[in-house]
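Notes follow once the structure below has been shown.
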Amino acid sequence: MSHHARIRQITDDDWGGIAALESRAYAPLGLSEEPAALRSRGHASPDTCFVLDLPHGLAGYLLALPYPMFHYPDLVRAEGVAAGHAEGPAAGSFVPSRNLHLHDLVIAEPLRGRGLAGRLLRHLTATARAGGYEQLSLVAVAGSGTFWAAHGFVRHPGVVPPGEYGGQAVYMSRPVRGDRTAAPKPAGATSHGPAPHHHEGE
Numbered sequence: 001m002s003h004h005a006r007i008r009q010i011t012d013d014d015w016g017g018i019a020a021l022e023s024r025a026y027a028p029l030g031l032s033e034e035p036a037a038l039r040s041r042g043h044a045s046p047d048t049c050f051v052l053d054l055p056h057g058l059a060g061y062l063l064a065l066p067y068p069m070f071h072y073p074d075l076v077r078a079e080g081v082a083a084g085h086a087e088g089p090a091a092g093s094f095v096p097s098r099n100l101h102l103h104d105l106v107i108a109e110p111l112r113g114r115g116l117a118g119r120l121l122r123h124l125t126a127t128a129r130a131g132g133y134e135q136l137s138l139v140a141v142a143g144s145g146t147f148w149a150a151h152g153f154v155r156h157p158g159v160v161p162p163g164e165y166g167g168q169a170v171y172m173s174r175p176v177r178g179d180r181t182a183a184p185k186p187a188g189a190t191s192h193g194p195a196p197h198h199h200e201g202e
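Counting from 1, one number per residue, gives the positions in the sequence shown under UniProt numbering.
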């Protein structure tokens, strides 16, 4: 039934299903967010957040929002709450950024392995291109860096402090257009090379 899935923007009625998918994916890893924090990501940039809808319910979702390069959401705080590295502003008031941070992408477990995560990523890339964004970034968790590397993302070691998003977390990015290997480097980074927020589950 995965070929019947359609991508659309998130509505208020979707958040219960999104929170359930998120909890099943990340509670076992100790990385699950409060529903209010999840909702704040979507409200910060509704045009770049989507669900994958099936006739019987949600097949998955994607949350992306503008963030400066080498910064990322704090998992315990909603957008607009100042904290350390997190610089995501309140909904409707964020500082313009040419980097779009893919905070979270989850596919329902029974539907993984059918290319749905790649479909959501392609939709996000087209949206980012149309919106004038130059880079996509994310924090790959739980060993998902290989998946993201296969989609053109490169690693930036040392950006995410140990424990922030789990022991295997790595910050990754790729240009929206052109040469996917020409990614920027943070100050003090040793290198970046090929090997999900925060997260991803295909």
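Beta carbons: idealized from backbone N, C-alpha and C, even for Gly.
- Per the DSSP secondary-structure output, His156 pairs in a beta bridge with Tyr171.
- Assignment of Phe70 by DSSP, reduced to helix, strand and coil, places it in the coil class.
- A straight-line Cα-Cα distance of about 13 Å links Ala169 and Phe70.
- Uninterrupted beta strand (DSSP E) stretches at least 3 residues long and entirely within the stretch 4–48 occur at 6–9, given in chain order.
- Using a C-beta cut-off of 8 Å, the stretch 155–164 makes no contact with the stretch 125–133, since fewer than three inter-stretch Cβ pairs fall below that distance.
- DSSP, reduced to helix, strand and coil, places Leu75 outside both helices and strands of the structure shown, so it counts as coil.
- The alpha-carbon separation between Val176 and Gly132 amounts to approximately 9 Å.
- In summary, Asp74 is buried, with 16 or more beta-carbon neighbours lying within 10 Å of its beta-carbon over all protein chains present.
- Here Leu62 really is in contact with Leu124; their C-beta atoms are around 6 Å apart, less than 8 Å.
- The closest CA to that of Arg98, considering only Ala19, Glu22, Ser173, is found on Ser173.
- With respect to Ser144, Tyr171 sits apart: the two C-beta atoms are not nearer than 8 Å.
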